[in-house]
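For reference, the structure discussed in these notes is given below.
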């Protein structure tokens, strides 16, 4: 008993509730930093541009999995080309990793082997070729995370990289994405990136396992690079989990904690990587979007279904979120790279916030302009039209060369934006002017412009295959255009008898409340278009 009490006092005295930003900044400024860590799971030789060189610190490969691939590994030149493409054309759109130019493929193979394998996978743009890479990646994950029960930053970064640039949600593998996202969240917990464990947990671990949790050690001996790497990782996990929760509706986002806010503050103050300015803004935008989601989910949990109409408190909160969003966007630096992508993201977030005021369900009540709430809902509907127009304007401004490397959540924004445009273009309500919507953002013209943009982007040298993602997205937009054209023909020629050709056009596009159509989306399967969208493939 005396030994147990002694152990308890020892743990309680040595464990802090959380790391303060002051201590973190001391680490970043080099106070009390050693050149290596005691845990091989988190060790990474710091790039040469910092105070530590490559030779400082142990090699992660000593404790890493022995990666044996059944497919031939790319040659050193091919590996470097893929890494350079990822670094220059993909990572700038979602810069949650600081991949310095001196981090070669050889260096990553020794220190971050799983991350390198994930980079090879996401830089394979042919769907058929990528499937083989994905199977390899799944095998490595199964071996390391389940058989060997390992948790390390290499696994987490590689998993986040794959999820960020995954095409699975569009190709009938949404279940895989949801499962991998949950695994990534599990790694965040295991690595104590989400929050530190309590003294009680440390005591129980010591009593039951014979030792304290290896992952829950003091981070005072971390190098500045490793510290920031971990903090970017947990923030990236939040963004991805929030987006996947919205797009697929199968899980909740990683809960925002004070430790994550602290991590964001440290990245802001440290200015260690120029790309952090964009990443910080992306996190802030996503946090606002998630707060809107949280309100919606709370209402659904209380009533058992989505509210048909917004309440006064909900509209007040909506205005508060919108005001915070506008304050945030006003602070975007004008010299920020990828500014058009960031502004498009902001428009999508405001579009999401505005949906707090109305429901896209078929049984949504009509607008009632006899009271203030009715006018508030009408204003939010029209603001949504303006958000869609602005998102599209920024989309058209993005160079075709930059579209190739956009992450999954950019394309999910596009799908949801187009779907909501369809909803607003045909909303049947006495107080809603569909013609005004079409005069502002014409659905058919929009499809034409987007198809032209995707077609030009598909001519990039990296996409010289017939089964890349942009090709499948073009296929979806083509179907949407056909639907819009058929709907337009119905409205302009209501008195004419429907011909066989016209009736074959009479398809629908499911609304946002029919989440199952996004969960089952398989743009590579013509049968999916017929089964879910009611679009016979024989016509096309």
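Residue numbers (the numbering used here): 299 to 838.
Glycine residues also receive a C-beta, built at the ideal position from the N, C-alpha and C atoms.
Under the three-state DSSP convention, the category residue i falls into
i: residue 765; result: coil
i: residue 488; result: helix
i: residue 823; result: coil
i: residue 659; result: coil
i: residue 693; result: helix
i: residue 580; result: helix
i: residue 749; result: helix
i: residue 828; result: helix
i: residue 666; result: coil
i: residue 641; result: helix
i: residue 395; result: coil
i: residue 401; result: coil
i: residue 738; result: helix
i: residue 570; result: coil
i: residue 456; result: helix
i: residue 846; result: Past the edges of the chain, shown from 299 to 838, lies residue 846, and the structure says nothing about it.
i: residue 703; result: coil
i: residue 685; result: helix
i: residue 556; result: helix
i: residue 446; result: coil
i: residue 590; result: helix
i: residue 540; result: helix
i: residue 575; result: helix
i: residue 720; result: helix
i: residue 240; result: Not covered by the structure: residue 240. The range shown for the chain is 299 to 838.
i: residue 428; result: helix
i: residue 790; result: helix
i: residue 757; result: coil
i: residue 549; result: coil
i: residue 839; result: This structure cannot settle anything about residue 839, because the visible part of the chain is limited to 299 through 838.
i: residue 520; result: coil
i: residue 631; result: coil
i: residue 423; result: coil
i: residue 609; result: coil
i: residue 464; result: coil
i: residue 725; result: coil
Presumed contact (8 Å Cβ cut-off) between residue i and residue j, rounded CB distance
i: residue 384; j: residue 534; result: With 8 Å as the limit, residue 384 and residue 534 do not qualify as a contact, their Cβ atoms being about 15 Å apart.
i: residue 775; j: residue 819; result: Actually they do not touch by this definition, with Cβ atoms about 13 Å apart.
i: residue 738; j: residue 719; result: Not a contact, Cβ separation roughly 10 Å.
i: residue 746; j: residue 772; result: About 12 Å; that fails the 8 Å criterion.
i: residue 822; j: residue 469; result: 5 Å
i: residue 540; j: residue 596; result: Between residue 596 and residue 540 the Cβ distance is about 16 Å, and since that is not below 8 Å, they are no contact.
Buried or exposed (CB count within 10 angstroms, at least 16 for buried), residue i
i: residue 553; result: exposed
i: residue 840; result: The question about residue 840 has no answer, for the chain in this structure spans 299 to 838.
i: residue 840; result: Since the displayed the chain opens at 299 and closes at 838, residue 840 lies outside it and no answer follows.
i: residue 669; result: exposed
i: residue 422; result: buried
i: residue 675; result: buried
i: residue 373; result: exposed
i: residue 677; result: exposed
i: residue 522; result: buried
i: residue 751; result: buried
i: residue 386; result: exposed
i: residue 267; result: Given a span of 299 to 838 for the chain in the structure shown, any question on residue 267 remains unanswerable.
i: residue 825; result: exposed
i: residue 467; result: buried
i: residue 551; result: buried
i: residue 618; result: exposed
i: residue 699; result: exposed
i: residue 633; result: exposed
i: residue 648; result: buried
i: residue 452; result: buried
i: residue 610; result: exposed
i: residue 711; result: buried
i: residue 375; result: exposed
i: residue 440; result: exposed
i: residue 547; result: exposed
Opposing strand residues paired with residue i [DSSP bridges]
i: residue 469; result: 820
Proximity test, Cβ basis, 8 Å: residue i and chain B
i: residue 629; result: The chain labelled as chain B is not found in the depicted structure, where only one protein chain is given.
Stretch pair the region 633-648 + the region 578-594: three plus CB contacts closer than 8 Å: With the cut-off at 8 Å, the region 633-648 and the region 578-594 touch.
Three or more C-beta pairs below 8 Å linking the region 730-740 and the region 696-710: With a cut-off of 8 Å, the region 696-710 and the region 730-740 do not count as touching, because too few Cβ pairs lie within range.
The region 415-431 in contact with the region 454-472 per 3-pair CB rule at 8 Å: Output reads yes: the region 454-472 touches the region 415-431.
Segment contact, 8 Å Cβ cut-off, at least three pairs: the region 624-634 with the region 562-573: As far as the Cβ criterion goes, the region 624-634 does not touch the region 562-573, which means the pair count is below three.
Inter-stretch contact (C-beta, 8 Å, three-pair minimum) for the region 404-413 and the region 543-559: Because the criterion of three Cβ pairs below 8 Å is not met, the region 404-413 and the region 543-559 do not touch.
Any 3 or more C-beta pairs closer than 8 Å across the region 719-729 and the region 754-765: No contact exists between the region 719-729 and the region 754-765.
Stretch-stretch touch, CB-based, cutoff 8 Å, three pairs: the region 652-664 with the region 677-687: Output reads yes: the region 677-687 touches the region 652-664.
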